[in-house]
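From first to last, the protein sequence lines stand for chains L and B. Those letters in the first sequence? Residues 1 to 169, by our numbering. Those letters in the second sequence? Residues 1 to 279, by our numbering. Using N, Cα and C, we set each Cβ at its ideal position, and we do this for glycine too. All of these numbers come straight from a predicted model, not from anything done at the bench.
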Amino acid sequence: MRKTFAFTYILLVIAQMILSNYFHFTPLVMLTILPVMILCIPTKVNTFWAMVIAFATGLAVDWLAEGTLGINAMSLVPVAFVRKTLIGMIFGIEPFEQKENLTIKKYGFARMSFAILILTALFLVIYILADCAGTRPLWFIGAKTGLSLVASYIVSILVVNLLSYDDRR
Amino acid sequence: MPKEKPVVSKIFYAVVFILLEIAAISMLSHNNELQRLWLTRISHGFMAKTWGTTQAVGNYFSLRKQNDELSLENERLRGIVRGYRQAAIESDPAFRPELKEDGFNYIPATIIKSGTNSQHNYLILDKGSEDGVVENSGIISSKGVIGIVDAVSKHYSFAISFLNKELNISARLDTTGAVGPLAWDGLKTNGAVLKEIPLQFKYNPGDTVYTSGYSAIFPPDIPLGIAGEAKVINGATNEISVRLFQDHSALKYVTIIENTRIKEIEEIENREEEEGSKK
């Protein structure tokens, strides 16, 4: 199971690189699935390793896709830092006690959507602020964050099932 | 919530988080000029805010002393004004005192950061371009010259302190009128030297030194300090030690002065230079 998750995770990193390189329809929208990938890291992985994975993932995307070295790593590490706390607040202690992974089937569409939206919003706010670097007006930053959040949420919901394994199958 | 969360592991995660963020920010700023400028601007703004807040707390606790000093100075100035008014009325009963425009704008400011420990000291003031401060304005206190504004941001000014070996101001000896550059002695926070005073100008230790008004930055007749011992340099000029009225180690409130006629002065200088070069 672990190998399957790792393999899927690597494939999704490559998918993110393709999204970053080729899916630029408008400057107001960016697509990211990195936050949902961090959310779906198995609950038995502690925060330290989650942050290391997030840093390495961000750096890989920066290096091979975006060209702004450090921006994805900087935005993704906070997502990994708050991941366990957020899971505890939204899903309770059950995922940790039973060492279960998060699935829509088990925890419901609404709660998964809420967790994805919060982590994606956190990622996007940091990313877009750093990307604009004080050169864009506030309305642009707000509009880009809002539109990117909607677009990224839709893509994240489509890929969440690829990462969400039910261990008891 | 997860069980494994004693305080130690929380601190450990926080430290790892900070280290990874520092690494990412460092990469971001080293590889991208736009982001580097943005991060520099944020850190400078943060520093200025922090210094400003620290200074504000310090100022609050020294308000009583400052008020006492201001009251004493007000009283001294009122006495001088009364004396002048009385003298004027005695000589001309129709005299009505008026304020004359002297060509300088005065902007009160507070020092939020200053150094006195190096040979190139500087100041940061809490007034910027939004308050009307421009580069190359002078900075004075009630006890003398403090420095010159070097760079201005929206809310802050960066100034070269008088305690900087690169700064000279034009000064004049009270009794003889001899003029020379006055510079910091590099040793004490209230010590300076008045250079290039020709030997034929006699002076007495204890004479007052004033600004000459020959530069466009400072108005004339600001008292600066008291002349002390002199030594002859190369058999041609005197170099006179000066004890400044203003001790730069105890300084908080200053006044920025802008010469409103500096463009006119520069224009006439440029015109003269152009005509000189044609000849």
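In the DSSP assignment, histidine 30 of chain B falls outside any beta strand (DSSP E) and within the unbroken alpha helix (DSSP H) covering 7-31. Within the same chain, and ignoring the five residues on either side of arginine 111 of chain L in sequence, the residues whose Cβ sits closer than 8 Å to its Cβ are Ile90, Phe91. Close to valine 16 of chain B, with beta-carbon spacing below 7 Å, are these residues of chain L in chain order: Phe48, Met51. Taking valine 13 of chain L as reference, the option from L:Phe96, L:Val61, L:Leu28 with the minimal CA-CA separation is L:Val61.
Taking C-beta atoms under 8 Å as the contact rule, leucine 173 of chain B and isoleucine 197 of chain B qualify, at a distance of about 7 Å. For the region 124-143 of chain L, the beta-carbon criterion of a distance under 8 Å to any beta-carbon of chain B is satisfied by Ala130, Ala133, Gly134, Thr135.
For asparagine 164 of chain B, the closest C-alpha among the options B:Asp150, B:Ser157, B:His155 is that of B:Asp150.
Inclusion of aspartate 207 of chain B and alanine 227 of chain B in the CB contact set at 8 Å is warranted, their separation being smaller than that value.
Interface flag for tyrosine 156 of chain B against chain L is unset, since no Cβ pair is found closer than 8 Å. Taking 8 Å as the cut-off between beta carbons, none of the residues of the region 44-64 of chain B comes near chain L. Closest in alpha carbon position to isoleucine 71 of chain L, among L:Ser156, L:Lys44, L:Leu34, L:Pro95, is L:Leu34. Where valine 36 of chain L is concerned, the enclosing alpha helix (DSSP H) starts and stops at 34-39.
Among the residues of chain B, those whose CB is under 7 Å from the CB of valine 77 of chain L are Phe17, Leu20, Glu21, Ala24, following chain order. Measuring C-alpha to C-alpha distances from threonine 120 of chain L to each of L:Ser20, L:Leu59, L:Ala6, L:Pro78 identifies L:Pro78 as the nearest. Judged by their CB atoms, leucine 34 of chain B and alanine 80 of chain L are not nearer to each other than the 8 Å cut-off.
Counted as a single uninterrupted DSSP element, the stretch harbouring phenylalanine 23 of chain L is not any alpha helix (DSSP H), since DSSP gives it neither H nor E. Closest by C-alpha distance to asparagine 259 of chain B, out of B:Ala87, B:Tyr156, B:Leu194, B:Pro219, is B:Pro219. Restricting attention to alpha helix (DSSP H) runs no shorter than 4 residues, the region 138-169 of chain L encloses them at 138-163, ordered along the chain. For phenylalanine 158 of chain B, the enclosing beta strand (DSSP E) starts and ends at 157-164. Only those residues of the region 7-23 of chain L whose C-beta falls short of 8 Å from the nearest C-beta of chain B would be listed, and there are none.
Shortest Cα-Cα distance from alanine 130 of chain L to any of B:Met27, B:Leu244, B:Gly144 involves B:Met27. Between the region 155-165 of chain L and the region 100-115 of chain L there are three or more C-beta pairs closer than 8 Å, enough to call the two in contact. The beta carbon of phenylalanine 17 of chain B lies closer than 8 Å to none in the same chain, with the five residues before and after it left out.
Cβ contact annotation for isoleucine 233 of chain B (same chain, cutoff 6 Å, sequence separation greater than five): Glu239, in chain order.
In this structure, DSSP gives arginine 243 of chain B an extended state, which the three-state scheme calls strand. Looking at the DSSP output, glycine 138 of chain B shares a beta bridge with B:Ile148, B:Ile257. Between the C-alpha atoms of proline 223 of chain B and glycine 138 of chain B there is a straight-line separation of about 15 Å. When 9 Å is used as the limit between beta carbons, glycine 70 of chain L is near these residues of chain B: Ala23, Ala24, Ile25, Ser26, Met27, Leu28, Ser29, His30, Asn31, Asn32, Gln35, in chain order.
As a beta-bridge residue in DSSP terms, isoleucine 233 of chain B pairs with B:Thr237.
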